[in-house]
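Below: the structure, in structure tokens.
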Amino acid sequence: MNTYTGSVLEKLKKHYYWEKEFLQAAEEVFESLDAVIEKEPKYQKYNILERISEPERVIMFRVPWVDDSGKIRVNNAYRVEFNSAIGPYKGGIRFHPAVTLGTMKFLGFEQTFKNSLTTLPMGGGKGGSDFDPTGKSEGEIMRFCQNFMSELFRHIGPDTDVPAGDIGVGAREIGFMFGMYKKLRNEFTGVFTGKGLNWGGSLIRPEATGFGAVYFLQEMLGAKNEILDGRTVAISGFGNVAWGAAMKATEMGAKVVTISGPDGYVYDKDGISTEEKFDFMLAMRASGRNMVKDYADKFGTEFHPSAKPWEVPVDIAMPCAIQNELNLDDAKKLTANGCRYIAEVSNMGCTADAVKYSVNTTTYAPGKAVNAGGVAVSGLEMSQNSMRLNWPEEAVDVKLKEIMKNIHYSCLHAAEKYGQKGNYVAGANIAGFKKVADAMIDQGVV
Ligand code: GLU
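Using my numbering, the first residue of the sequence shown is number 1, and each one after it goes up by one.
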């Protein structure tokens, strides 16, 4: 690593040694940027690396709420406003027991580069709480969302910071949070994306992350003169992202054979391919049980408790669940069983050693490129809200396809330009970085 890049990374490691996920994300980006920093001294001159790796602002607050038995509970909550050089802070809200400030910082950092790749004017941010929605009643979820928003409302706004969903936060939670925001501000604005369709949401937004990922995958295959039709695909997770990816991959002629949850994975040899099966995925998410065994029970498929889908022989792997869900052992198993493509859909879904291994053994693309379709359609939702218009489904889908195609091109182009031909990790980091870094230089030391 070059001395400037190395010294900034060392400083981060010393300063934030307990924020393992944030450091993992920063190290991967910095490693990719070496060639750029060497070739273009302006980034060192303006000390961009030190500035870009520090959030502009972090908001931390407590969320007290009352459960159904009358007990008072307290959760931690965060909004990390990472970078606003190219637009208002933009990024989802995650409710998951593993959420820490370090998780939020890694996600906000990644979001900054991802949003830049979309070509839309969105900065990077992320928020969330260690609140666990598993097994909570609708009333508990609503009270939590309202109390969460009773603090966050003063920090966000349609031109300041625009949250959306993420793990544990879907249309229902966005509805509860938006409702509270509107009441406190007395304003109906496009402050959230992923809204309900009859109150400002965009068509295709629920499907966008999964659809976009498959559009990106098609481009990866296309670059090698291959097609998706006839391939087998292993997907992890069973939520909104896995649902969209499974539907689109099936539509393109692939056979999706797995989904997974915290309890294990389902192997469906006939393919997760019917309307009934897709709808059941939505019902599992809505049940709040967080168990995919329900799918196996319903459709009579194999269920492998406490195991991950990466042991199944497939052509393509699409991790769609959570960070670091695919490790080096999993990557080795996939390759040994003939897997040739890994399209990472979850944010930092693969561990650092799994990425290094897979870049050499498969065609691997990182989450910040593959999953950018979700936030891209969020950007389109913001445009529609500003214009007070709703675009038809077809129009949004065409734009999403175009954006994913462009992201794919930008990754390959940037990788080649900086001497790392075919490396999607380097390409995504370089292309995402340059736009933000150049905007920061233009805007002075602020
Ligand atoms: N949470 C999603 C992501 O990781 C979507 C963010 C958004 O739509 O703002 O990109």
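We put the CB at the ideal spot given by N, CA and C, even for glycine.
Going straight from the alpha carbon of residue i to that of residue j, what length do you get?
i	j	result
residue 241	residue 170	11 Å
residue 131	residue 79	14 Å
residue 429	residue 29	6 Å
residue 237	residue 444	42 Å
residue 216	residue 370	6 Å
residue 228	residue 316	9 Å
residue 381	residue 87	15 Å
residue 279	residue 247	10 Å
residue 164	residue 173	10 Å
residue 270	residue 299	10 Å
residue 392	residue 398	10 Å
residue 150	residue 140	15 Å
residue 368	residue 114	5 Å
residue 275	residue 203	19 Å
residue 25	residue 106	6 Å
residue 363	residue 226	12 Å
residue 353	residue 386	43 Å
residue 27	residue 11	12 Å
residue 390	residue 325	37 Å
residue 373	residue 208	5 Å
residue 243	residue 61	32 Å
residue 54	residue 190	27 Å
residue 287	residue 245	21 Å
residue 311	residue 159	45 Å
residue 327	residue 46	36 Å
residue 186	residue 409	43 Å
residue 221	residue 314	15 Å
residue 268	residue 281	13 Å
Between which two residues does the alpha helix (DSSP H) holding residue i run?
i	result
residue 98	Run containing residue 98: none; DSSP gives neither H nor E here.
residue 446	Looking at the DSSP string, residue 446 is not in any alpha helix (DSSP H), and its letter there is neither H nor E.
residue 202	Element bounds for residue 202: n/a, residue is neither H nor E.
residue 85	Here residue 85 belongs to no alpha helix (DSSP H), and DSSP marks it neither H nor E.
residue 223	No alpha helix (DSSP H) contains residue 223, which DSSP labels as neither H nor E.
residue 6	3 to 15
Apart from the five residues just before and just after residue i, which ones in its own chain have a Cβ nearer than 8 Å to its Cβ?
i	result
residue 112	52, 82, 83, 123, 124, 432 and 436
residue 72	64, 65 and 66
residue 34	1, 2 and 5
residue 418	35, 36, 39, 426 and 430
residue 308	236, 260, 265, 325, 326 and 330
Under 6 Å Cβ to Cβ from residue i, same chain only, skipping five residues before and after it: list those, please.
i	result
residue 420	426
residue 76	130
residue 59	79 and 155
residue 92	164, 165 and 166
residue 96	167 and 168
residue 49	8
residue 89	81, 123, 125 and 161
residue 296	266 and 303
Residues in its own chain within less than 7 Å of residue i by CB, not counting five upstream and five downstream?
i	result
residue 290	134, 261 and 262
residue 182	188
residue 294	284
residue 137	68
residue 103	21
residue 32	425, 426, 429 and 430
residue 230	253
residue 56	81, 82, 83 and 84
Between which two residues does the beta strand (DSSP E) harbouring residue i extend?
i	result
residue 254	First-last for residue 254: undefined, no H or E at that position.
residue 129	124 to 129
residue 189	Where residue 189 is concerned, there is no enclosing beta strand (DSSP E), given that its DSSP letter is neither H nor E.
residue 264	264 to 267
residue 235	232 to 235
Q) Whole alpha helix (DSSP H) runs in the segment 285 to 333 with 4 or more residues, listed along the chain? A) Within the segment 285 to 333, complete alpha helix (DSSP H) segments of at least 4 residues are found at 293 to 299, given in chain order.
Q. Does the segment 424 to 440 touch the segment 32 to 49, meaning 3 or more C-beta pairs lie closer than 8 Å?
A. Under the 8 Å Cβ criterion, the segment 32 to 49 counts as touching the segment 424 to 440, having at least three qualifying pairs.
**Q.** Given 8 Å, three or more beta-carbon pairs between the segment 294 to 309 and the segment 249 to 268
**A.** In the pairwise beta carbon analysis, the segment 294 to 309 is classified as touching the segment 249 to 268: at least three pairs are separated by under 8 Å.
Q. Are three or more beta carbon pairs between the segment 178 to 198 and the segment 402 to 409 nearer than 8 Å?
A. Contact fails between the segment 178 to 198 and the segment 402 to 409, because fewer than three Cβ pairs, one in each stretch, are under 8 Å apart.
Q: List in chain order: all unbroken alpha helix (DSSP H) runs of 4+ residues lying wholly within the segment 391 to 439.
A: The segment 391 to 439 contains, as complete alpha helix (DSSP H) runs of 4+ residues, the segments 393 to 417 (chain order).
Q: Tell me, please, whether the segment 333 to 340 touches the segment 248 to 256 by the rule of three or more beta-carbon pairs shorter than 8 Å.
A: No, the segment 333 to 340 does not touch the segment 248 to 256.
Q.
Report the start-end ranges of each alpha helix (DSSP H) in the segment 17 to 69 that is 4 residues or longer and not cut off at the edges.
A. Whole alpha helix (DSSP H) segments, 4+ residues: 20 to 39, 42 to 45 and 48 to 52.
Q) Using 8 Å as the threshold, is the segment 133 to 153 in touch with the segment 60 to 73, meaning 3 or more CB pairs across them? A) Because the criterion of three Cβ pairs below 8 Å is met, the segment 133 to 153 and the segment 60 to 73 touch.
Q) Of all the alpha helix (DSSP H) runs that stay within the bounds of the segment 338 to 373, which reach a length of 4 or more residues? A) Whole alpha helix (DSSP H) segments, 4+ residues: 352 to 361 and 367 to 370.
Q: Determine, using beta-carbon pairs with one atom in the segment 314 to 330 and one in the segment 342 to 354, whether at least three such pairs fall under 8 Å.
A: The segment 314 to 330 is in contact with the segment 342 to 354.
Q | Uninterrupted beta strand (DSSP E) stretches inside the segment 152 to 181 (no shorter than 3 residues) | A | Within the segment 152 to 181, the complete beta strand (DSSP E) runs of at least 3 residues are 161 to 164.
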